Amino acid sequence: MKIAVLMKRVPDTASVFKIGADNKSVETDNLKYVMSPYDEHALEEAIQTKEAGKADEVFVITVGPDAAKETIRTALAMGADRAVFVKDDAASDTNCKGTAMILAAALKTEAPELIFAGKQAVDDDASQVPERVAELLDIPHASVVTSFELNDGTALVEREIEGGHYKMEMALPALFTTQKGINTPRYPTLPNIMKAKKKEIKELTFADIGLSAADVASGVTIEEMALPRQDRLNKILDGDNDERVAQLLSVLREEEKVL
Amino acid sequence: MSDKLIDRRDLHFLLFEMFEVERLLEHEYYEDHSTTTFKLALDTAYQLAQELFWPSFSEFDKNPAYFDGEKTIVPESMHKIWAAFKEGGWFAASFAYEHGGQQFPGMVHLAALYMFNAGNTAASMYLGQATGAAQLIEGFGSESLKKVYMHKLFAGDWAGTMALTEPQAGTSLGDITTSATPVEGEDYYIIRGTKRFISSGDHDLTENIIHPTLAKIDGAPPGVKGISLFIVPKYRVNDDGSIGAPNDVITAGIERKLGLKGQATAELKFGENDECRGWLLGEPHCGLKYMFQLMNSARVHTGLQAIAQASTAYQCALQYAKERVQGREVTEHDPATPQIPIINHPEVRRMLLRQKAFIEGVVSLLIYCGALSDRLRVAGSKEEEDTCRALLEILTPVCKAYGSDVAYESIMLALQCYGGAGYIEEYPIAQILRDNRVFPIYEGTNEIQAMDLLGRKVAVDQGAYLRALMGEIAKTLAEAGTMDALGGQTGKVQEAMEAITEVTMHLAAIGLSGDHKTYISHATPYLRAFSQLVIAWQFLWQSVVAQRALDSDAGDATFYEGKIATAKYYIDAILPSTHTICHLIKSGEDSALNFKEEWFGATHPSVTA
Ligand SMILES: Cc1cc2nc3c(=O)[nH]c(=O)nc-3n(C[C@H](O)[C@H](O)[C@H](O)COP(=O)(O)OP(=O)(O)OC[C@H]3O[C@@H](n4cnc5c(N)ncnc54)[C@H](O)[C@@H]3O)c2cc1C
């Protein structure tokens, strides 16, 4: 069995973000890039599945500029067997829809039985690409998965839902997006770093997968970008002590979700 | 904060731009490597430092290692760190494939250790000592010792220590009394004695601990010429490699200390029941010579540990200084205006700059030493080998002593930037300061380093090491001399070099006259003056590289301009005291030598304990 892992190179969220002079983009000069953390969980789940003897091969797939190869190497050093890289310097002009089209087209030639992806990418937080890919490939998907078990031709998974869990069984081929808690991603080891150098990175162009830049153009115009304002939200509770305690409890439970 | 522990940009500058680690790829030994393997290893090291080492830092202070009467317990997170280190293959990272290593360049390995130590030094010590013990056995052990111990140590299956110090013999190792008695017909000796202050001396991290131990074979010559080195395991090892009977190494206790509390600093009793077996490493009576081979790299590592902690403290202080608002510009008289971040006060800025200069200067020297050991490995000629060795020899005391002295000063400044908050345990600086205080002491006190520099390294072969160093400095001066932008700094480094040459000749004359006591009494001031020249030279070299990058419009101007400004600060504001010190030495300042003991005043015996 072949497992694909969708992976995205994103700016490290610990970076200092600045909006560019055009007010429509993020300055990329001083950003350090990493694998999107939820994708690390996806990759880890794929590697563990292979280590358990339930799959033969794990490959990662990504769309992006040439620099994305650095992140691919990290994935290979964590234990992926090989990578598919759709090189697209115009990818900046696409969005979730276009990215999903590219990935789906490339995946068709690979025909993996199982696909993992992070539940969202930490840069634009859209939570759309994997689901769109599943739709385009016409396979079922389950998102925000916190537990995964592979049986003969089916997967038994738990999804996180508002205030609880949802258990479901699905036939393969299928796609799953991973949530924190499903596993602990491993660190690359030095022996694997040495091996990563020799692993295959298959490079594809748009033409190879039968798409053009126009096919995947985003069709969305960004008017303006701004950093979130950091105002403090004060809330003053009214009423007598009992009422205020009740209100406080409700805020902590329902709004802040800390209880 | 993206770079909480260290400045990764600076490390990248040193490795890739200044010491050109990629040039090693031309050599067969490194042929499997590439820029990618280096970067992946460095990224992974940083991730481990941030996610594993640093989060456990304060736990190491709150849950000190202790002995419960039967076994020694270390902080819980140490087990996780050990496992990750073992899994990652870090114990043997820069060693040969045949030892289970990955043949990483020494400078990449050093950079990784720098990050681990910035995260948690006490934890890094447990790890580093396994590698150290393995390295000793690799260098000097018989095939059978290698077979039994070396691979287990390099793999991280077993842990190691370095057992030198005894209650009556710390600095003066010639006075150790631990004995080794040969046993008729056996390949081992019976070891008897007490070792004190042994780092990682006991713990529950691994099933065995290997103690390279200094002892004297019965009837050995007195002093350092009678010291041999033994491999003493905590548990004996059966022929099939499995763990056998306890080897009569008893933990008498774990010290309570100023800092590094998660470190199990043990007092060990060897052979209380005459059952402690030790296997001789190499030849009899050569123990100190072997130990010194390891100690040279251990001393560079001590400088590294010290300055890594200074880096963490600096990163914290820098962030704090940007966030903490207090006071107004001196020119602002309106109390209604908001207070400003303290980084705007020149007094705070100077403290930050001083820290930055100490750290970037010393780290540069440390990575340079890593680069020298790499060059040594691939050297094409005897001449180049000799040069690399000479440079390493003469720079080792500078790394260890100057590195740890200014690291401590740097952390004091970081604490000062925090004001009262720095003194409070809620912030990490107080612990860093306490932890850091050991580095001027262990691996040979800084006084001993100074005496090693002046008494040995400078004097060897009529100054051969010193000439090698001056030759390298002259090369940088020549290069910098062609760059107008660096004119001012170049002249100042040149003058400092002349001052050091002069004062060394002055001292040599005293030494040649037979007055060794006066000669060596200048050791500590000399080391300071000498080290400042070395660091200023590193900064001038950095400036050359940075200026070239600026001239070629390579981008990232902020970094390069900051680099040149930092170098300028060191050369303009710190280096000049080299001249004062040289003056003092030449003036014959002799208080330390001739101040009478009774002038210090009377004491009472009860105050020492
Ligand atoms: C936390 C910690 C961990 C340690 N880990 C280890 C370890 O793993 N293995 C190990 O073997 N040891 C270890 N040590 C011991 C350490 O190496 C010694 O403490 C150190 O070498 C100094 O020896 P001492 O304590 O006996 O001090 P002393 O030798 O008594 O020195 C006291 C002072 O006198 C000075 N002095 C002594 N002799 C001279 C001289 N001839 N000329 C000029 N000045 C002199 C010293 O510089 C120092 O300032 C550790 C110590 C500590 C505190």
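Keeping their order, the protein sequence lines are chains U and L.
The first sequence begins at 1 in the numbering used here and counts up one residue at a time.
The second sequence begins at 1001 in the numbering used here and counts up one residue at a time.
Virtual Cβ for every residue (Gly too), placed ideally from N, Cα, C.
All figures in this text were calculated on a predicted structure; none of them were measured in a lab.
Next on the checklist: Which of the three DSSP states is assigned to R232/U in this structure?
Outcome noted: Coil.
Checklist entry - Taking all protein chains shown into account, do 16 or more other C-beta atoms lie within 10 angstroms of the C-beta of M1001/L, making it buried, or fewer, making it exposed? => result Residue placement at M1001/L cannot be trusted, given a pLDDT of 36 that sits under 50; the coordinates are not used to answer.
Checklist entry - What does the shell around ligand 1 hold, if a residue joins when its beta-carbon is under 5 Å from any heavy atom? => result Those residues are M1162/L, L1164/L, T1165/L, G1170/L, T1171/L, F1197/L, I1198/L, S1199/L, T1265/L, V1438/L, Y1442/L, T1445/L and E1447/L, given in chain order.
Item to check | DSSP state of M1001/L mapped onto helix, strand, coil | outcome: Bear in mind that a pLDDT of 36 at M1001/L, under 50, signals an unreliable position, so the number given afterwards is only what the model happens to contain. Correct three-state label for M1001/L: coil.
Next on the checklist: Can you check which of these residues, K1269/L, A1459/L and I1227/L, is closest to F1197/L by C-alpha distance?
Outcome noted: Nearest C-alpha to F1197/L: K1269/L.
Checklist entry - What residues of chain U sit near W1090/L, judged by a beta carbon separation below 8 Å? => result Under the 8 Å cutoff, chain U gives L190.
Checklist entry - If we ignore side chains and look at the alpha-carbon of each, how far apart do L1294/L and Q1135/L end up? => result Going by the C-alpha atoms only, they are around 7 Å apart.
Checklist entry - Looking at the C-beta of Q1416/L, does it have a partner C-beta in chain U at a distance below 8 Å? => result Chain U, which has no Cβ nearer than 8 Å to the Cβ of Q1416/L, makes this no.
Checklist entry - How far does the beta strand (DSSP E) with I1473/L in it reach, from first residue to last? => result Premise fails: I1473/L lies in the alpha helix (DSSP H), V1460 to G1481, not in any beta strand (DSSP E).
Checklist entry - Using a Cβ-Cβ distance under 8 Å, would M1001/L count as near chain U? => result Any reading at M1001/L must be qualified, since the residue scores a pLDDT of 36, below 50, and its modelled position is unreliable; the value itself is stated next. Interface residue, yes.
Item to check | Contact list for the stretch 47-75 of chain U against chain L, Cβ threshold 7 Å | outcome: Listed by position, the residues of the stretch 47-75 of chain U near chain L (Cβ gap below 7 Å) are R73 and T74.
Item to check | Cut-off 8 Å between Cβ atoms - residues of its own chain near V1024/L, not counting five sequence neighbours on either side | outcome: Here residue 1024/L is Leu; the residue named in the question, Val, does not match the sequence. Cβ contact annotation for L1024/L (same chain, cutoff 8 Å, sequence separation greater than five): Y1030, H1033, P1105, D1374 and V1378, in chain order.
Next on the checklist: Can you tell me whether L1376/L is helix, strand or coil according to DSSP?
Outcome noted: Look at L1376/L here: in three-state DSSP terms it is helix.
Item to check | Neighbouring residues, chain L, relative to N196/U (Cβ below 9 Å) | outcome: Note that residue 196/U corresponds to Ala in the displayed sequence, not to Asn. Annotation: Cβ neighbours of A196/U in chain L (cutoff 9 Å, chain order): T1036, T1037 and L1040.
Checklist entry - If the cut is a Cβ gap below 8 Å, which residues of chain A does A77/U touch? => result Of the protein chains in this structure, namely U and L, none is chain A.
Checklist entry - DSSP three-state call for E98/U: helix, strand or coil? => result In the sequence on display, residue 98/U carries Gly and not Glu. Three-state DSSP puts G98/U in a helix.
Checklist entry - Given that D1032/L touches chain U, what residues does it touch there, using C-beta distances under 7 Å? => result The answer, in chain order, is M194.
Checklist entry - With distances taken between CB atoms, is the gap from F116/U to E45/U smaller than 8 Å? => result In contact: F116/U and E45/U (Cβ atoms closer than 8 Å).
Checklist entry - Can you list the residues of chain L that Y187/U reaches, using a CB-CB cut of under 7 Å? => result The answer, in chain order, is T1044, Q1047, L1048, A1084 and G1088.
Checklist entry - Grouping DSSP H, G and I as helix and E and B as strand, with all else coil, what is F1539/L? => result Of the three classes helix, strand and coil, the one that applies to F1539/L here is helix, per DSSP.
Checklist entry - Quick one: what's got a C-beta closer than 6 Å to G1403/L's C-beta in the same chain, skipping five residues either side? => result Cβ neighbours of G1403/L beyond the five flanking positions: G1303, A1306, I1307 and V1362.
Next on the checklist: Contact criterion: CB-CB distance below 8 Å. Does Q1135/L meet it with respect to chain U?
Outcome noted: No, Q1135/L does not count as interfacial toward chain U.
Next on the checklist: Does V10/U come out as helix, strand or coil in the three-state DSSP assignment?
Outcome noted: When DSSP states are grouped into helix, strand and coil, V10/U belongs to the strand group.
Item to check | Endpoints, beta strand (DSSP E) assigned at G1253/L | outcome: Where G1253/L is concerned, the enclosing beta strand (DSSP E) stretches over V1249 to I1254.
Next on the checklist: Suppose you measure from the CA of R1299/L to the CA of P1440/L; what does that come to, to the nearest Å?
Outcome noted: Using only the alpha carbons, I get a separation of about 10 Å.
Checklist entry - Is Y1570/L buried or exposed, if buried means 16 or more other CB atoms sit within 10 Å of its CB? => result Here Y1570/L is buried, its C-beta having at least 16 other C-beta atoms within 10 Å.
Next on the checklist: So within the stretch 188-235 of chain U, which uninterrupted beta strand (DSSP E) runs reach at least 3 residues, ignoring any that extend past its ends?
Outcome noted: The stretch 188-235 of chain U contains these whole beta strand (DSSP E) runs: 201-204.
Checklist entry - Looking only at DSSP bridge pairs, what is E1166/L linked to? => result Bridge partners of E1166/L: A1169/L.
Next on the checklist: When you compare the stretch 1083-1102 of chain L with the stretch 1281-1294 of chain L, are there three or more beta-carbon pairs, one atom per stretch, that lie closer than 8 Å?
Outcome noted: A contact between stretches requires three or more CB pairs, one per stretch, nearer than 8 Å, and the stretch 1083-1102 of chain L fails this requirement with the stretch 1281-1294 of chain L.
Item to check | N-terminal and C-terminal residue of the beta strand (DSSP E) that P37/U is part of | outcome: Careful: P37/U lies outside any beta strand (DSSP E), inside the alpha helix (DSSP H) at P37 to E51.
Checklist entry - In the structure shown, what three-state DSSP assignment does Y33/U receive? => result Here Y33/U carries a strand assignment [DSSP, helix/strand/coil].
Checklist entry - Can you name the residues of chain U whose CB is closer than 9 Å to the CB of Q1102/L? => result Under the 9 Å cutoff, chain U gives L190, P191, I193 and M194.
Checklist entry - CA-CA distance, D238/U and Q230/U? => result Rounded to the nearest whole angstrom, the CA to CA distance from D238/U to Q230/U is 25 Å.
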